[in-house]
Amino acid sequence: MTQYGFFFDQSRCIGCNACVIACKQWHDIPPGPVKWMRVYQWERGDFPQTKLNILAIPCYHCENPVCVKACPNQAINKEEKYGAVLVNHDKCQGTRRCWKACPYGVPQYESDEAGIKMSKCNMCIDRLEQGLKPICVLSCSLRALEFGPLPELQSKYGNLRRLEEMPKDSITHPAVVIRPSDTKIQVVSWDSQRALALWQKRPSATGELLPDVFSTPSIVTGTPLTIIGRSKLVLKAKNIAELMYYTTDNE
Amino acid sequence: MPNVIFKENLHNKEFIDKFVEPVGFEKWKSYVLGQDDGIEKTPEWAEEICAVPAQTIREIARLVATTRPAWLWCHSSLSRKSRGEQTVRSFSALQAMLGYWGTPGAGPAVNLGPARGIPIEANWGPRGSYEVPKLYRSHYWAQAVLLLDKVRSGELKEEEYRRMVGWRADPSILKDFNPKALLWGGGHKPHASDHLVTACESSNFQVAAMNKLEFIVTMHSVITPTVRYADIILPAQDWAWEEKGITRSGYGGFESINYCPGVVKPPGEVKPWVWVYVKLAEKLGVDPKKFFKYYTSDENWERDWERYLRDGYQLTIDHYKKRNIEVPSWEEFTAGKFINCDEMEKEPFTGWDEQIKQGKPFKTASGKIEFSCSYIANEENRGNGPHFDPFGRLYDNLPGDWGPMTPIPTFQFGVRGMNDPMVKDYPLLMLAPHGRYRVHYLFFNHPWLKDHVYQHRVWIGTVDAVVRGIKDGDMIEVFNDRGKAIMPAYVTSRIMPGIVAIRHGGWYEPDETGADRGASPSTLLGGDYTSCITPAKASNLVQVRKIEGETS
Ligand code: SF4
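So the protein sequences, as listed, match chains A and B. Residues in the first sequence are numbered from 186 upward in steps of one, following this note's numbering. Residues in the second sequence are numbered from 10 upward in steps of one, following this note's numbering.
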């Protein structure tokens, strides 16, 4: 068996969710919480030195799929030709052991009710059999996703299997190669302290003294993370509400 | 930036000599260097206004002047603020002084004029002799209706009124101006035909103006927030799905010509928009064949329409044939082959090719790039003359009055901007950028998008949230003198202090208190009548407060 896998280029992904919609459309999944493909955004750093991280994540069809072993009903198997991890809907009893085992939050459920059957990304195996690429890869206009035999992707793009914020890959060996976004290169100098001091004042159009935008520059940089939306990557949401929160954009 | 470039002698003298009108150029140069008003427009002068440190401005100026070609791009969004025309004009001047016009990626916004001009539409038939009097700027229609009482009572001077609504016709018509009915919409691209409450300024004022009218007819494929107020809705086919048609997308660059085959069968009595006009013509006693020369009968509509489309596409084929380029046949085109216009060319599209590369004159009085607009410089034109685009086509939707715009691009503080004394009541500047999940208001009600892959929220910076006790997800009210909108907060470090942002195109949904629960930024926009060139402004001052006891 040749293990097939995904390449994700974080420096290209703009978090547009086209892959999510294309996936749903191809697999006939209605709007709502069942997202075989998910797009996460999380921001890091304080204003004005901020960075937005994005991750578009299907199932990584791990070389060592811990979900397969976790299922008491033998409902999940690793298919032979592409190494796709597939669920047998008839055998699934909705015990959610796979969900507990999977570090990536891949298993998807229609609701929070107990006993609901699981569904997941199937690598578009129906398309692969027709010689087509998975639909998420095809739908990405930024070409942030690629698909192919894992060794090929590794020789092209290296062997980074995770982003800093993602779980360790030493046990699961996910079939993915990731290129993280580039680090910022300062082309022109920019003094953020000076900028903050300028931001504070309002130059008056009329000569009249106008109130400052904020009281002191220090209160801008030191805000508590707890009030910010999506300041961390949460791959395993506690429930559907949380999943929807972490996988929706605000553009 | 121009100040740095002039002082360090980095401007492109060769390009300026060849293409720029010298008298206006000198005027602008002396403005930038402070020789005419005593204020030199240095980076130190600019940093106080824009909060970008002077050193950074200086370095960016050097970088774009010495990197050739530099990707220097300014589109229309900056014009969507009060006096934003000045910003966009200054940028074109900057691009010209560096000799970047006609350079890929660095010339002026190509959507505003230098399109490729590929024909796709056949002629409908000769125009009638009746000329519709163009009274006011269509974007200011509500203002034109609402302020009329004040003009009649003498509270508002006629002259002032005409300026505020962009009146361009003979002022004597004003005494007979008595609006009673409104026919709105009906263009085949509905993103442009539902301006009123979802894209024009001040939704509440739009509704108030509609309420003053006796009869409203609209035509649309969707029950939109505007259509709801109509007495009669003419059910038009959706142009993308139901109607057969040829579309040309594109903003100069990135152009493509596609065929829409009408993939969905329209329900009930839903009709193509041209068919509706054909029938209206008939009812008004106009021979419909004179209105639309392809029309033969209702039974033959499909065939008539196809003949019309085919003739239009023939113009496209001929256009390319003249240049020895082969494009798909009508059969191939309607079967799904489309024209990617960029791929048809050897060179990337830059606009102004004829002028820069072939040496034809610009369509200005001097035939050159004018830093000082001779049209505006002549006060006799104010309120009178027609406006033409660079191809000499009449732009009817521009007002005859340009307000306080100066002949050379200058810096002017905007009305209702960060520096307006109104900040004492409304200290935050709201921006209304386009969302990426819809085209204006279209698809706001799409179940696969809103609340599925995105949420319609107001962006607010951390410090502005902290001082108001707001955290992410709290329901908040955004308000000013134009109206109020209620929506959840997205608290983020990704926006500047003092700025909030609501994506354009939310659907106006007033509750019983008048608060817009659909949170259309249009509800909060408006109130600047001095900047008459830009149609609907996309920024305004607001205040924000948390609504206790409500969460998203
Ligand atoms: S379609 Fe591509 S760019 Fe858009 S979210 Fe998916 S991976 Fe990212």
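Even for Gly, the Cβ is constructed at its ideal location relative to N, Cα and C.
Beta carbon proximity, residue i to chain A, threshold 8 Å
i, result
"B/I182", "no"
"B/G433", "With the sequence shown as reference, residue 433 of chain B is identified as Lys, and Gly is not the correct amino acid for it. It does; some Cβ of chain A falls within 8 Å."
"B/W54", "no"
"B/V32", "no"
"B/Q246", "no"
"B/V462", "yes"
"B/P416", "no"
"B/V272", "no"
"B/K480", "yes"
"B/N428", "yes"
"B/I485", "no"
"B/L205", "no"
Counted within 10 angstroms of its Cβ, other Cβ atoms place residue i as buried (16 or more) or exposed
i, result
"B/F224", "exposed"
"B/A510", "buried"
"B/S101", "buried"
"B/S138", "exposed"
"A/E265", "exposed"
"A/A426", "exposed"
"A/V372", "exposed"
"B/F263", "exposed"
"A/V480", "The structure shown has nothing for residue 480 of chain A, since chain A only spans 186 to 436."
"A/H274", "exposed"
"B/G558", "exposed"
"B/E164", "exposed"
"B/K330", "exposed"
"B/C59", "exposed"
"B/L72", "exposed"
"B/W82", "exposed"
"B/E56", "buried"
"B/G114", "exposed"
"A/Q315", "exposed"
"B/K459", "buried"
"A/T368", "exposed"
Proximity below 8 Å, CB of residue i to CB of residue j
i, j, result
"B/G426", "A/F232", "no"
"B/W250", "B/V273", "yes"
"B/N12", "B/V32", "no"
"A/V361", "A/N344", "no"
"B/V206", "B/T235", "yes"
"A/Q293", "A/V219", "yes"
"B/A153", "B/Y145", "yes"
"A/C165", "A/W221", "Residue 165 of chain A falls outside the range modelled here, since chain A spans only 186 to 436, and no answer is possible."
"B/V500", "B/K480", "yes"
"A/A247", "A/V270", "Position check: residue 247 of chain A holds Cys in this sequence, whereas Ala was assumed. Contact flag set, yes."
"A/Q245", "A/M308", "Position check: residue 245 of chain A holds Tyr in this sequence, whereas Gln was assumed. No."
"B/R67", "A/E436", "no"
"B/Q552", "B/L438", "no"
"A/E228", "A/I412", "no"
"B/A498", "B/A528", "no"
"B/L156", "B/A190", "no"
"A/F192", "A/L330", "yes"
"A/K421", "A/G217", "no"
Any C-beta of chain B under 8 Å from that of residue i
i, result
"A/R346", "no"
"A/S196", "no"
"A/L418", "no"
"A/P243", "no"
"A/E295", "no"
"A/A145", "A question about residue 145 of chain A goes unanswered here, because the residues of chain A that appear run from 186 up to 436."
"A/A390", "yes"
"A/R379", "yes"
"A/K209", "yes"
"A/E427", "no"
"A/D367", "no"
"A/V405", "yes"
"A/T187", "no"
"A/L338", "no"
"A/V219", "no"
*Answer yes if the region 313-330 of chain A comes into contact with the region 194-212 of chain A, meaning at least three C-beta pairs across the two stretches below 8 Å, and no otherwise.*
Under the three-pair Cβ rule at 8 Å, the region 194-212 of chain A counts as touching the region 313-330 of chain A.
*Validate contact between the region 367-381 of chain B and the region 17-34 of chain B using beta carbons, cut 8 Å, 3 pairs*: By the C-beta criterion, the region 367-381 of chain B is judged to be in contact with the region 17-34 of chain B, since at least 3 inter-stretch pairs fall below 8 Å.
*What residues does the ligand SF4 have around it, judged by CB closer than 6 Å to any heavy atom, in chain order?*
Residues with their Cβ less than 6 Å from any non-hydrogen atom of the ligand SF4, running along the chain, are A/C198, A/I199, A/G200, A/C201, A/N202, A/A203, A/C204, A/V224, A/A241, A/S324, A/C325, A/L327, A/A329, A/L330.
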